[in-house]
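Take a look at the structure set out below.
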Amino acid sequence: MSVATLDSMPKITVLPHAEICPQGAEFETAPGVSVADALLDHHVDIEHACGKVAACTTCHCIVRKGFNSLPPAEDVEEDLLDRAWGLTAVSRLSCQAIVQHEDLTIEIPKYSINHAKEIEQKESSS
């Protein structure tokens with residue numbers, strides 16, 4: 335377990351994702367921000383179709399390291415996660431997972447359920 339010291343910030347390591355972050359990424363972020371905001375602030379363009387208000391599953395991520403340092407998921411998040419593609423025991427909606435003082439390793443699933451994006455892709459291929 336890697337915990338940031340008082341004069342350092344927790345580090346987020348993003349595992350490579352073919353479309354969103356092919357080379358992976360690693361950066362520091364302040365405690366108290368959501369994983370989604372930290373990713374977006376560091377140019378990891380995770381989907382967030384609902385505007386980061388816990389109304390969809392497009393920002394689903396898998397917390398491979400540091401999962402237990404995050405505040406527990408609330409019932410709304412748990413219910414939404416049941417619909418996410420590739421759900422694991424360490425899955426979270428990145429818009430609801432608030433960074434604490436421990437380093438995190440994040441995996442972005444290969445797929446997400448984004449009906450708006452699917453409609454756009456279907457229309458552009460017609």
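Following the numbering used here, the numbering of the sequence shown begins with 335 at its first residue and continues without gaps.
Cβ coordinates follow ideal geometry from the N, Cα and C atoms, glycine included.
Bear in mind that the values here come from a model prediction, so they are computed numbers and not experimental data.
For residue i, the three-state DSSP class (helix, strand or coil)
i	result
Ser342	coil
Ala359	strand
Ala427	Note that residue 427 corresponds to Leu in the displayed sequence, not to Ala. Correct three-state label for Leu427: strand.
Ser403	helix
Glu411	helix
Asp375	helix
Glu454	With a pLDDT of only 44 at Glu454, under the threshold of 50, the placement of this residue in the model should not be trusted, and no figure is reported.
Residues that DSSP places opposite residue i in a beta bridge
i	result
Thr347	Glu360 and Thr439
Ile396	Ser425 and Glu441
Ser368	Ile432
Assigned exposure category for residue i - 16 Cβ within 10 Å defines buried
i	result
Glu457	The pLDDT assigned to Glu457 is 45, lower than 50, so where the model puts this residue is not dependable; a value taken from the coordinates is nonetheless given after this. Per the 10 Å Cβ criterion, exposed.
Lys444	exposed
Gly420	exposed
His449	A caution first: His449 carries a pLDDT of 46, below 50, which makes its placement in the model unreliable, though a value can still be read off. With fewer than 16 other Cβ atoms within 10 Å, it is exposed.
Gly400	buried
Val387	exposed
Pro344	buried
Asp413	exposed
Gln430	buried
Distance between beta carbons of residue j and residue i, contact taken as under 8 Å
i	j	result
Ile440	Ala418	That belief does not hold up - the Cβ atoms of Ile440 and Ala418 are roughly 14 Å apart, past 8 Å.
Thr363	Ile380	In fact, because the Cβ distance is near 14 Å, the residues do not count as touching under 8 Å.
Glu390	Ile442	Note that residue 390 corresponds to Cys in the displayed sequence, not to Glu. Actually they are not in contact, since the Cβ atoms of Cys390 and Ile442 sit about 15 Å apart, beyond 8 Å.
Val397	Val378	Not really, about 14 Å apart at Cβ, beyond 8 Å.
>> For the structure I just gave you, are there three or more beta carbon pairs, one from the segment 406-422 and one from the segment 367-379, closer than 8 Å?
In response: no
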